[in-house]
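For the sequence shown, the UniProt record's numbering begins at 1 and goes up steadily by one. Down below is the structure, laid out as structure tokens.
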Amino acid sequence: MILEHLYQGEPGAWKIVFRASAEELARALAALEAEAGPAPDGGEEDRLAEAVNRAILAPDGFSTVWAEAVEKAGLQPVSDPDFKLAALNKAEGFRAEAVFFALPPLTLGQYTGFVQPIEPRPIRRLAIELEINQHHGAEERAADAAGKAQLRQQVIAGLYARRCEQARQLAQARLILCLGDQVTGPLPRQLVAEHYFAEQRRFHLSLQAQRVNFDQFLQVRGQTVEQFRAELHANAERRLRSRLGLLLVADKEGLWPSQAEVDAALAAWDDKRDGERTFPANDARKARQKLASQRAEAFVLEHSTLLPPPAQPTIVETA
Numbered sequence: 001m002i003l004e005h006l007y008q009g010e011p012g013a014w015k016i017v018f019r020a021s022a023e024e025l026a027r028a029l030a031a032l033e034a035e036a037g038p039a040p041d042g043g044e045e046d047r048l049a050e051a052v053n054r055a056i057l058a059p060d061g062f063s064t065v066w067a068e069a070v071e072k073a074g075l076q077p078v079s080d081p082d083f084k085l086a087a088l089n090k091a092e093g094f095r096a097e098a099v100f101f102a103l104p105p106l107t108l109g110q111y112t113g114f115v116q117p118i119e120p121r122p123i124r125r126l127a128i129e130l131e132i133n134q135h136h137g138a139e140e141r142a143a144d145a146a147g148k149a150q151l152r153q154q155v156i157a158g159l160y161a162r163r164c165e166q167a168r169q170l171a172q173a174r175l176i177l178c179l180g181d182q183v184t185g186p187l188p189r190q191l192v193a194e195h196y197f198a199e200q201r202r203f204h205l206s207l208q209a210q211r212v213n214f215d216q217f218l219q220v221r222g223q224t225v226e227q228f229r230a231e232l233h234a235n236a237e238r239r240l241r242s243r244l245g246l247l248l249v250a251d252k253e254g255l256w257p258s259q260a261e262v263d264a265a266l267a268a269w270d271d272k273r274d275g276e277r278t279f280p281a282n283d284a285r286k287a288r289q290k291l292a293s294q295r296a297e298a299f300v301l302e303h304s305t306l307l308p309p310p311a312q313p314t315i316v317e318t319a
């Protein structure tokens, strides 16, 4: 495959135009036919499209074009490329474009010294009774008054320990989000939009899990639809800036993994955890950035402060 053009639209938004020869397309078609047999009647167009995808994602396909182009331009891609076929002719090959986002020119401010309190949710008295009935019923029935009181305190302590751990994880996530406030500079509008829609999907899945409809949510929050969308958009951009900020922290602190560590991560790739593989250069990019982001997150947490939770839980009668 041959690179024709690499150019930037708005800051951080890039497009690669490339082409493949008829020989490359023929090899991909032959490999498909060896696996699935000849294309059915009327299915040649679909088979050609499959061959294009196979040729692009082959180890010796677009991966080499991509790696050379981004290295020459000094880019750090932060998204999978989105392919679009521009021209296809069995006798001549095909021409296609790949749109992707790279780290835009951002400025990183403070990335240490953040403070976030650990704030466990109150424990409902009903939750205490349910825990006792479900897991300690026989023990409670056999205990005297002092034993019942001691058991109740043990149950409360266990519930509170779990609430504290949940609150600690939430506080860590919020602390990392603080990094997003320290990352300034332009972001590609389409990349922000993609993160907004992802945030929207997470929100609606959360509502479904809680069996709450959107109108009820707005009523409890005292928000209009427009106010909610503006808040969600701001949160999505903040989360995106935080994610990109971790890569900037990795640069500042020299936290990027070695090639051997990247190779080990690729060998241990799990589709459920890491997503489907794409092509070698992009998979390596994702593995490298994941390791660097994890190290940067650990660095930020280590150099920030989580305020401890109250020594005793708050117990309430109702939710």
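Just so you know, even glycine gets a beta-carbon here, dropped at the ideal spot from N, CA and C. Treat the numbers as computed from the prediction; the structure is a model and nothing was measured.
Answer yes or no: do F100 and W14 have a C-beta to C-beta separation smaller than 8 Å?
-> Position 100 of the sequence shown, counted from the first residue, corresponds to residue 100. Position 14 of the sequence shown, counted from the first residue, corresponds to residue 14. Taking 8 Å as the Cβ cut-off, F100 and W14 qualify as a contacting pair.
Ranges of the beta strand (DSSP E) found wholly within the segment 31–107, counting only runs of at least 3 | 82–89 and 93–101
DSSP state of R211 mapped onto helix, strand, coil | As a first step, residue 211 is located in the sequence shown; it is residue number 211 there, counting from the start. The answer is coil: DSSP assigns R211 none of H, G, I, E or B.
Taking C-beta to C-beta, are E119 and P309 nearer than 8 Å?
-> Residue mapping note: residue 119 aligns to position 119 of the sequence shown, counting from 1. Residue mapping note: residue 309 aligns to position 309 of the sequence shown, counting from 1. Yes, Cβ-Cβ distance for E119 and P309 is below 8 Å.
Considering R19, what are the terminal residues of the beta strand (DSSP E) in which it resides?
-> Mapped onto the sequence shown, residue 19 falls at position 19. That run of the beta strand (DSSP E) goes A13 to A20.
Can you give me the Cβ contacts of L3 inside the same chain, cut-off strictly under 6 Å, excluding the 5 residues immediately before and after it?
-> The sequence position of residue 3 within the sequence shown is 3, counting from 1. Excluding positions up to five away in sequence, the list reads F18, V65 and A69.
Between the segment 180–194 and the segment 155–168, are three or more C-beta pairs nearer than 8 Å?
-> no
Say yes only if the C-beta of V212 is nearer than 7 Å to one or more non-hydrogen atoms of the ligand NAP, and no if none qualify.
-> Of the ligands one can find in the structure shown there are none, so the ligand NAP has no counterpart to examine.
Determine the burial state of A51: buried for a count of at least 16 other Cβ atoms within 10 Å of its Cβ, exposed for fewer.
-> As a first step, residue 51 must be located in the sequence shown, where it is residue number 51. Burial call: buried.
Run of the alpha helix (DSSP H) containing Q169, from where it starts to where it stops = Here the question's residue 169 lines up with position 169 in the sequence shown. Start and end: A145 to C178.
Test item: CB-CB of L240 and A296 under 8 Å | Within the sequence shown, numbered from 1, the residue matching residue 240 stands at position 240. Within the sequence shown, numbered from 1, the residue matching residue 296 stands at position 296. No, the Cβ-Cβ distance between L240 and A296 is not below 8 Å.
What runs of the alpha helix (DSSP H), each 4 residues or longer, lie entirely inside the segment 257–319?
-> 259–267, 271–274 and 280–302
Excluding sequence positions up to five away, which residues of its chain have a Cβ less than 7 Å from the Cβ of F214?
-> For the purposes of this step, residue 214 is identified with residue 214 of the sequence shown, where counting begins at 1. Taken in chain order, the residues that qualify are L207.
For D274, which residues of its own chain have a beta-carbon under 8 Å away from its beta-carbon, when the five flanking residues on both sides are left out?
-> Residue mapping note: residue 274 aligns to position 274 of the sequence shown, counting from 1. K286, A287 and K290, listed in sequence order.
Would G61 be called buried (16 or more neighbouring beta carbons within 10 Å of its own) or exposed?
-> As a position in the sequence shown, residue 61 is number 61, starting the count at 1. Answer is buried; the Cβ neighbour count reaches 16.
Could you tell me how far apart the beta carbons of residue 324 and A86 are, in whole angstroms, since I believe they sit closer than 8 Å?
-> No statement about residue 324 is possible, as the shown extent of the chain runs from 1 to 319 and does not include it.
With a 10 Å radius around its C-beta and 16 neighbouring C-beta atoms as the bar for buried, classify E23 as buried or exposed.
-> The residue you call residue 23 lines up with position 23 of the sequence shown. With fewer than 16 Cβ atoms within 10 Å of its Cβ, E23 is classed as exposed.
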